[in-house]
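First comes the structure, then the notes that go with it.
Protein chains in written order, with the numbering used here: chain A, 1 to 308; chain B, 1001 to 1373.
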């Protein structure tokens, strides 16, 4: 009898905790569904439909969008021919995003280290300065970069004034301009996570490294870098992924001649009026990123296990 | 005051100096916030000795250690290692290793990788490194832990890894910065003995920093007592304890009674000192300087005992308190001058009136009273 009532009470209790748990999870679930699952679902569905003549989609199943990514259909006999123009845009985007990530790491690491080694009360000021660009619209900042990079811009005028070059370097509307713009835009995303992990670094470990016959370079390589690894990874992901999908930077600094994936997708939804192909390109991009991250996670996991 | 040790050592003068520091000065900050951490220090640390820097926090002992390691550069003066000037040499070029207070083990490496790190940086072949790491780990009895991560070890084990890591490259000097401070009492006692025997086995010069006078007395061949950036006295534990030359040294190490007095007359190294309550006491003069006039007189509690019946007492006081210490009693007496006197009475207390307020005579053991410089 007693045992039975106890069980009854336990069941009731369990039911109640389950209900509370569900209620507490609800906001998170709503957000995930509304901003992640739903838009992705729409994109996924659209990618398997046919394009409408004036934009939008025709509700007919088709895999044309994915075929179009790699092949071109001959207008006359309808045979498929390999076409690498979209692939080239993808490859260039990956290359630029990768380059920008490496560039941001090279610039961001010393910056983060510099801030992390400042006295505690000064660090906030430096972090504030790092985040200051976010206070201005990205579009405005990119236009400002355009003014700096153009033929009569600050860089060229300075270099010519000093006498290093005679003719202006044409940086604007090249991959270099996009590359510089990407680094500029995403550098704070590299510095902040790097700072977070370098700040936690026990500088006595650095001293221990010096004490055990490691020079500066080796202390950096064998002690600081491994300890800062989580920050390096987070920073690289935070720069590479948005860099890959960048839109404003290549549109303005690349002058529309040098497309990146973001611009190509935008064109599909705009002037090309091919929503299914735009959706497919977006999903292919996402798949590539996810695969890259999974490969990385597996390699890192294996490394950690080998260590442990 | 000059930090040149007042008491020169004559024993073992033939042993070579491993570390020689001359007129070492270290200041931090500028202008009004300028702090002098080391004030014109001269010190010689001999080959194969266990040398301890002892003093309260802020006395400059850790700064001196960091200068020897090369983490800080001196503001003035020179440091020589086996006769070679290493004053400006960066830490990774000095054959000196450090055991850090918090151990500073590399968290991303295994125990074996930690121990082998110095050898790897010296470019030793990996076979040699493995053999040496194995030997070091067996020296500190951690062979079984070679592949553990450092955060899986207890405090005492981490301490041993830090020790093995610093000893592995066979440095000329091992610097230890309060390495036992984080351990509990029992472990600390064991590690004190282990450190001492390790120093013996390896034949490496140890420079040990501590604020714990008992630790210093137990382990050291020689002790340098520091205060306010200066070395007050250098000597063997026995020298420092029995023959303190400075009031601070006497007070800092062990229990001691210190009285104000006046030197009335001197004969050889004996002085007749008149205390404030009018009694005169025979005391030994310090080697350096025979300052007549007012002086400080120091007597260890264990150099005192209660006078037996009919025995001539050197001092007399009123009993205020008795503290039972196990092997002895600490008797707290109030002298006529109002000064307190602690007597460590070792033997039986039978026949002694231990009721509060009892008038007791005190005998000073021969040579037990010293005039401080």
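In this text, a Cβ means the ideal position worked out from N, Cα and C, and glycines have one as well.
Item                                                                                                                                                                                : Value
Taking three-plus beta-carbon pairs below 8 Å as touching, is the stretch 1132-1141 of chain B in contact with the stretch 1176-1190 of chain B?                                    : no
Could you check if residue 1213 of chain B is buried or exposed, using at least 16 other CB atoms within 10 Å of its CB as the buried criterion?                                    : buried
So, for residue 1119 of chain B: in the same chain, excluding its five sequence neighbours on each side, which residues have a beta-carbon less than 8 Å away from its beta-carbon? : 1128, 1129, 1132, 1133, 1168, 1169
Taking the alpha-carbon positions, what's the residue 1076 of chain B to residue 141 of chain A distance?                                                                           : 51 Å
Per DSSP, what are the beta-bridge partners of residue 191 of chain A in this structure?                                                                                            : Residue 191 of chain A is not bridged to any residue.
Which residues in the same chain have their Cβ closer than 7 Å to the Cβ of residue 101 of chain A, if we skip the five residues on either side of it in sequence?                  : 236, 239, 240, 243
Identify the residues that DSSP records as bridge partners of residue 1316 of chain B: which are they?                                                                              : B:1361
Residue 1052 of chain B by DSSP, collapsed to three states: which one?                                                                                                              : strand
Does any C-beta atom of chain A lie closer than 8 Å to the C-beta of residue 1163 of chain B?                                                                                       : no
For residue 1161 of chain B and residue 1137 of chain B, what's the separation of their Cα atoms in angstroms?                                                                      : 8 Å
Would you decide whether residue 91 of chain A is buried or exposed? Buried here means 16 or more other CB atoms lie within 10 Å of its CB.                                         : exposed
Tell me whether residue 76 of chain A is buried or exposed, calling it buried when 16 or more other Cβ atoms sit within 10 Å of its Cβ.                                             : exposed
Does residue 207 of chain A have its Cβ less than 8 Å from a Cβ in chain B?                                                                                                         : yes
Less than 8 Å between C-beta atoms, sequence neighbours within five positions excluded: which residues of the same chain meet that for residue 80 of chain A?                       : 67, 71, 72, 73, 74
Determine which residues share a DSSP beta bridge with residue 251 of chain A and list them.                                                                                        : Residue 251 of chain A pairs with nothing; no bridge assigned.
Could you tell me whether the stretch 116-127 of chain A touches the stretch 186-201 of chain A, using the rule of 3 or more Cβ pairs below 8 Å?                                    : yes
Quick check on the burial criterion: 16 or more other C-beta atoms within 10 angstroms. Buried or exposed for residue 1261 of chain B?                                              : buried
Tell me the residue span of the alpha helix (DSSP H) that contains residue 207 of chain A.                                                                                          : 203-211
Could you tell me which chain A residues have their CB closer than 9 Å to the CB of residue 1118 of chain B, listed as they occur along the chain?                                  : 211, 212, 213, 214
Verify the CB distance criterion: does residue 1219 of chain B have a CB-CB separation below 8 Å to chain A?                                                                        : no
Could you work out which residue in B:1085, B:1347, B:1247 is closest to residue 1024 of chain B when comparing CA atoms only?                                                      : B:1085
Can you check whether the C-beta of residue 1121 of chain B is within less than 8 Å of a C-beta belonging to chain A?                                                               : yes
Just how far apart, CA to CA, sit residue 42 of chain A and residue 60 of chain A?                                                                                                  : 15 Å
Starting from residue 1295 of chain B, follow its DSSP beta bridges and name the residues at the other end.                                                                         : B:1261
Within the chosen definition, does the stretch 212-229 of chain A reach the stretch 125-139 of chain A through at least 3 CB pairs nearer than 8 Å?                                 : no
Only counting the same chain, and skipping five residues up and downstream in sequence, which positions put a Cβ closer than 8 Å to that of residue 310 of chain A?                 : Lying outside 1 to 308, the shown extent of chain A, residue 310 of chain A is not represented and no answer is given.
Compute the Euclidean distance between the alpha carbons of residue 162 of chain A and residue 108 of chain A, then round it to the nearest angstrom.                               : 28 Å
For residue 1206 of chain B, report the span of its beta strand (DSSP E) as first-last.                                                                                             : 1205-1210
Of all the CB atoms in chain B, is at least one closer than 8 Å to the CB of residue 74 of chain A?                                                                                 : no
In this structure, does DSSP put residue 71 of chain A in helix, strand or coil?                                                                                                    : strand
Roughly how many whole angstroms lie between the Cα atoms of residue 134 of chain A and residue 170 of chain A?                                                                     : 28 Å
Going by Cα to Cα distance, which pick from B:1121, B:1146, B:1066, B:1361 is closest to residue 1306 of chain B?                                                                   : B:1361
Tell me whether residue 1273 of chain B is buried or exposed, calling it buried when 16 or more other Cβ atoms sit within 10 Å of its Cβ.                                           : buried
Using CA coordinates, which residue listed in B:1207, B:1250, B:1298 is at the minimum distance from residue 1259 of chain B?                                                       : B:1298
Using a cut-off of 8 Å between C-beta atoms, extract the partners of residue 204 of chain A located in chain B.                                                                     : 1100, 1102, 1104
May I have the straight-line CA-CA distance separating residue 1009 of chain B from residue 1211 of chain B, to the nearest angstrom?                                               : Reliability of the predicted coordinates at residue 1009 of chain B is poor, the pLDDT of 45 falling under 50, and no value is obtained from them.
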